[in-house]
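First up is the structure itself, then whatever we jot down about it.
Numbering (my numbering), first residue to last: 2 to 122.
Below is the structure:
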């Protein structure tokens with residue numbers, strides 16, 4: 002009988018740290034995405050996933066959230082670190098506009114460096 006793999010048994014994926022100029026925010030982003038995840042992102046970004054009536058802006062917002070969910074390992078704001086998929090997503094959804102803007106810029110920079118074939122939101 003095959004042994005069930007636990008999350009702790011999986012290899013730790015490499016991450017890259019980014020920090021805001023003023024040091025108030027920092028984020029660690031993962032440096033690996035599966036081919037399936039890349040394909041799902043492309044469909045999300047193009048607006049092919051979700052409701053048929055969604056707008057281009059809806060698809061763009063979903064694409065940013067998609068990248069956030071797959072790439073962010075930790076996010077620190079004013080010394081308060083958030084980690085864990087559920088907590089990170091909750092924090093993202095209540096983020097202030099400047100926090101989201103900074104994070105989008107970091108995601109764009111990260112995609113250009115690590116995933117140049119992917120279109121950034």
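All C-beta atoms, glycine included, are put in the ideal place defined by N, C-alpha and C.
{"Query": "Would you kindly work out how many angstroms separate the C-alpha atoms of residue 40 and residue 28, rounded to a whole number?", "Result": "24 Å"}
{"Query": "Given a cut-off of 9 Å on the beta-carbon distance, is the pair residue 74 and residue 31 in contact?", "Result": "yes"}
{"Query": "Just reading off the alpha helix (DSSP H) that residue 77 is part of, what are its end residues?", "Result": "It is not in any alpha helix (DSSP H) - residue 77 instead sits in the beta strand (DSSP E) that spans 73 to 78."}
{"Query": "Taking 9 Å as the threshold (C-beta atoms), are residue 83 and residue 94 in contact?", "Result": "no"}
{"Query": "Can the beta-carbon of residue 65 be found less than 9 Å from the beta-carbon of residue 37?", "Result": "no"}
{"Query": "Go ahead and label residue 60 buried or exposed: buried means 16 or more other beta carbons lie within 10 angstroms of its beta carbon, across all protein chains shown.", "Result": "buried"}
{"Query": "Per DSSP, which one or two residues make a beta bridge with residue 29?", "Result": "18, 75"}
{"Query": "Under DSSP, the alpha helix (DSSP H) around residue 110 begins and ends at which residues?", "Result": "98 to 115"}
{"Query": "I'd like the span of the alpha helix (DSSP H) that includes residue 44, first residue to last.", "Result": "36 to 47"}
{"Query": "Looking at the unbroken alpha helix (DSSP H) that takes in residue 88, where does it start and where does it end?", "Result": "86 to 94"}
{"Query": "Thinking C-beta only, is residue 46 closer than 9 Å to residue 117?", "Result": "no"}
{"Query": "With a threshold of 16 other CB atoms inside 10 Å of the CB of residue 107, please say whether the residue is buried or exposed.", "Result": "buried"}
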